[in-house]
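Numbering (the UniProt record's numbering), first residue to last: 463 to 754.
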Amino acid sequence: ATPTSIMVGTGRAAELGVLFRKGDALQTLAEAKVVAFDKTGTLTLGRPTLTTLHLAPGFDRAETLAAIAAAEAQSEHPIARSIETAALDEGLTLPPVKAFKAIPGHGLSASVGGQDLLVGTARLMHDHAIDTAPFADTLADLTAKGETPIFAAMDGRLSALLSVSDPIKDTARDTIRALHESGLQTALITGDTAATAQAVATALGIDHVEAEVLPGDKRDTIARLQDTHGATAFVGDGINDAPALAQADIGIAMGTGTDVAIESADVVLVSGNPANVLTALHVSRRTLRNIR
Ligand code: ADP
Ligand code: MG
Numbered sequence: 463a464t465p466t467s468i469m470v471g472t473g474r475a476a477e478l479g480v481l482f483r484k485g486d487a488l489q490t491l492a493e494a495k496v497v498a499f500d501k502t503g504t505l506t507l508g509r510p511t512l513t514t515l516h517l518a519p520g521f522d523r524a525e526t527l528a529a530i531a532a533a534e535a536q537s538e539h540p541i542a543r544s545i546e547t548a549a550l551d552e553g554l555t556l557p558p559v560k561a562f563k564a565i566p567g568h569g570l571s572a573s574v575g576g577q578d579l580l581v582g583t584a585r586l587m588h589d590h591a592i593d594t595a596p597f598a599d600t601l602a603d604l605t606a607k608g609e610t611p612i613f614a615a616m617d618g619r620l621s622a623l624l625s626v627s628d629p630i631k632d633t634a635r636d637t638i639r640a641l642h643e644s645g646l647q648t649a650l651i652t653g654d655t656a657a658t659a660q661a662v663a664t665a666l667g668i669d670h671v672e673a674e675v676l677p678g679d680k681r682d683t684i685a686r687l688q689d690t691h692g693a694t695a696f697v698g699d700g701i702n703d704a705p706a707l708a709q710a711d712i713g714i715a716m717g718t719g720t721d722v723a724i725e726s727a728d729v730v731l732v733s734g735n736p737a738n739v740l741t742a743l744h745v746s747r748r749t750l751r752n753i754r
């Protein structure tokens, strides 16, 4: 494309809420074969709420929720906020917490009331030889709804299964369909449980699912998509999306996301609306067509 046509395209996109931070991106996006999306905060609102708390036999509801919420109060994960808020809304008093440790991509460990508390994924429980089988049916039900399961254990005994729901943005489904109609493939990349990720992908019609991806592995997942499909765009919002945004042929950050994500991106969608991925694609394709 000529410098003039790129300037015109960049200006047009900016009026529509799409900031191309580099002229190259306008040209590269037109050649994209696949658009990969982060889930939480990109396709979903990123404001999870606690929907249910299932207790293992012998555990008291208020005591169990208060202990988990107390530990989550020390965590910066959006899931942590939903659990802390739910406990405080119920008027629970959060007990003191010692030895809090975040376990990135898995959850947390802490000491509450002299007991060792573990909160997070099924994999985290299995790594500590805690059997999650008693909750197998509940787990299947809640993941099928696209909700995220959070297990808790006290002193090595399974105590609760919590379910967290994060609604899908209302433009997400139409955006995926329009990308397919434009000849692109789509992918979902998330740290969330496979069954939950699959339910969300199915609801949205997304082609490929990469779930239970650890924070440090998102970049490699993008590299694999590039090897398999060719030019890859990645849309994300979080701190742990930054390496993947840099690795992608076109990194697209939600303007509502973290500064680190925005700084790593080639394109910023100011309002955080996934539909603006299409705006970016259309301006890009039109700019290249004009000059050929
Ligand atoms: P994502 O941002 O895609 O959810 P993360 O790598 O941050 O990915 O987390 C992966 C999974 O680890 C979450 O879906 C959740 O199950 C679990 N997890 C992470 N942090 C916490 C936490 N503070 N409390 C409970 N579960 C957590
Ligand atoms: Mg996110």
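Heads up, the beta-carbon is just placed ideally off N, CA and C, and yes, glycines get one too.
- Determine the burial state of residue 590: buried for a count of at least 16 other Cβ atoms within 10 Å of its Cβ, exposed for fewer. Per the 10 Å Cβ criterion, exposed.
- Item | Beta-ladder partner(s) of residue 672, from DSSP | 651
- Out of 683, 576, 584, 614, state which residue places its alpha-carbon closest to the alpha-carbon of residue 602. Out of 683, 576, 584, 614, the CA that lies nearest to the CA of residue 602 is found in 584.
- Query: So residue 741 packs on residue 498, CB below 8 Å; how close in whole Å?
  - Reply: Actually they do not touch by this definition, with Cβ atoms about 18 Å apart.
- Query: On the three-pair Cβ rule with 8 Å, is the region 483–494 touching the region 726–745?
  - Reply: yes
- Task: Please report how far the alpha carbon of residue 578 lies from the alpha carbon of residue 571, in whole angstroms.
- Result: 7 Å
- Task: Given a cut-off of 8 Å, decide if residue 518 and residue 676 are closer than it, judged by their beta-carbon atoms.
- Result: Cβ atoms of residue 676 and residue 518: not closer than 8 Å.
- Query: What does a CB cutoff of less than 7 Å around residue 720 pick up in its chain, not counting 5 residues either side in sequence?
  - Reply: Same-chain partners within the cutoff: 699, 700, 701.
- Could you tell me if the beta carbon of residue 570 falls within a distance shorter than 7 Å of some heavy atom in the ligand ADP? yes
- Task: Return the chain-ordered list of same chain residues with a C-beta closer than 8 Å to the C-beta of residue 608, the five sequence neighbours on each side being excluded.
- Result: 627, 630, 658, 661, 662, 665
- Please classify residue 551: is it buried, with 16 or more other beta-carbons within 10 angstroms of its beta-carbon, or exposed? exposed
- 8 Å CB neighbourhood of residue 406 in its chain, flanking five on each side removed: In the structure displayed, the chain extends from 463 to 754; residue 406 sits before or after that span and is not available.
- Query: Where are the beta strand (DSSP E) runs, 3 residues long or more, that stay fully inside the region 515–592, in chain order?
  - Reply: 559–565, 569–574, 577–582
- Would the beta-carbon of residue 605 be found less than 7 Å away from any heavy atom of the ligand ADP? Flag unset: Cβ of residue 605 not near the ligand ADP.
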